[in-house]
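Asks:
In UniProt numbering, the protein residues as written are 1 to 199.
1) Any idea what DSSP makes of residue 161, helix, strand or coil?
2) CB-CB under 6 Å to residue 200, same chain, minus the five flanking residues each way: which ones, in chain order?
3) Tell me, to the nearest whole angstrom, how far the beta carbon of residue 110 is from that of residue 72; I am working on the premise that it is less than 8 Å.
4) Can you tell me where the alpha helix (DSSP H) holding residue 101 begins and where it ends?
5) Using C-beta distances below 7 Å, list every residue in its chain close to residue 51, excluding the 5 sequence neighbours before and after it, in chain order.
6) Answer with buried or exposed for residue 174, where buried requires no fewer than 16 other C-beta atoms within 10 angstroms of its C-beta.
7) If the criterion is Cβ atoms closer than 9 Å, does the pair residue 179 and residue 125 meet it?
8) On a Cα-Cα basis, can you pick out the residue from 3, 34, 36, 94 that is closest to residue 68?
9) Spatial neighbours of residue 149 within its chain, please: C-beta separation below 6 Å, excluding the five flanking residues on both sides.
10) Once you ignore the five residues that flank residue 37 on each side, which residues in its own chain have a CB closer than 6 Å to its CB?
11) Is the beta carbon of residue 158 sitting closer than 9 Å to the one on residue 147?
12) Using the three-state DSSP reduction, which class does residue 79 fall into: helix, strand or coil?
13) Give every residue of the same chain whose Cβ lies closer than 8 Å to the Cβ of residue 171, excluding the five residues on either side of it in the sequence, and list them in chain order.
14) In three-state terms, what does DSSP make of residue 189?
15) Can you check whether the CB of residue 66 is closer than 9 Å to the CB of residue 28?
16) Quick one: residues in its chain with C-beta nearer than 8 Å to the C-beta of residue 14, no 5 flanking neighbours on either side, listed in chain order?
17) Below 8 Å on the Cβ atoms is my guess for residue 128 versus residue 177; work out the distance and round it to an integer in Å.
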């Protein structure tokens, strides 16, 4: 255990040990919900790095560099080399750890991109512009529900509201034309397929 602590607190591993503490702290904050895992992506331009998401890539880079530097430091400690030669070899270990961890991170991120494609999740905004079937006896400015089929074929029951006094009752067809984020409901208007086809 003493050998491990000496290597972790010595050069060059100490550089990565400090960074690893920051990475672990960041992911603990993500688990607690204090920050988003992609909070740095927009600011730092993840696409320009060629590594994928900034937080994930930097975490992989720091963790792999720390492990490589620690392994190199332990091996050098056991070799018995001392003096200026040891300092020079520590710099070599630092450069090797940085280079190999960079390549390893690129490979891991490429594999993660294949396994976890970055596709936007479904959104309620996807329903805007679709027709729906009213599932309540009436729809007014305070009450109403409708069933809507998404483009992928799945269905959902959503809250709907309407302006005016047009007749929208059970089984009638409506058009979802806007979504109110604050109230979490859709604005709906009566929809006539025949009139729409003529227009």
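Glycine is no exception: its CB is placed at the ideal position from the N, C-alpha and C atoms.
Replies: In this structure, then:
1) strand
2) Lying before the first or after the last residue shown, residue 200 is absent from the chain, which here runs from 1 to 199.
3) Going by Cβ atoms, the distance from residue 110 to residue 72 rounds to 25 Å, so no, they are not a contact pair.
4) 84-115
5) Low confidence applies to residue 51: its pLDDT is 47, below 50, so where it sits in the model is not reliable, and the reading given next is rough at best. Cβ within range, chain order: 57, 105, 106, 109.
6) buried
7) yes
8) Out of 3, 34, 36, 94, 94 has the C-alpha closest to the C-alpha of residue 68.
9) 155
10) 30, 55
11) yes
12) helix
13) 133, 134
14) strand
15) no
16) 8
17) 7 Å
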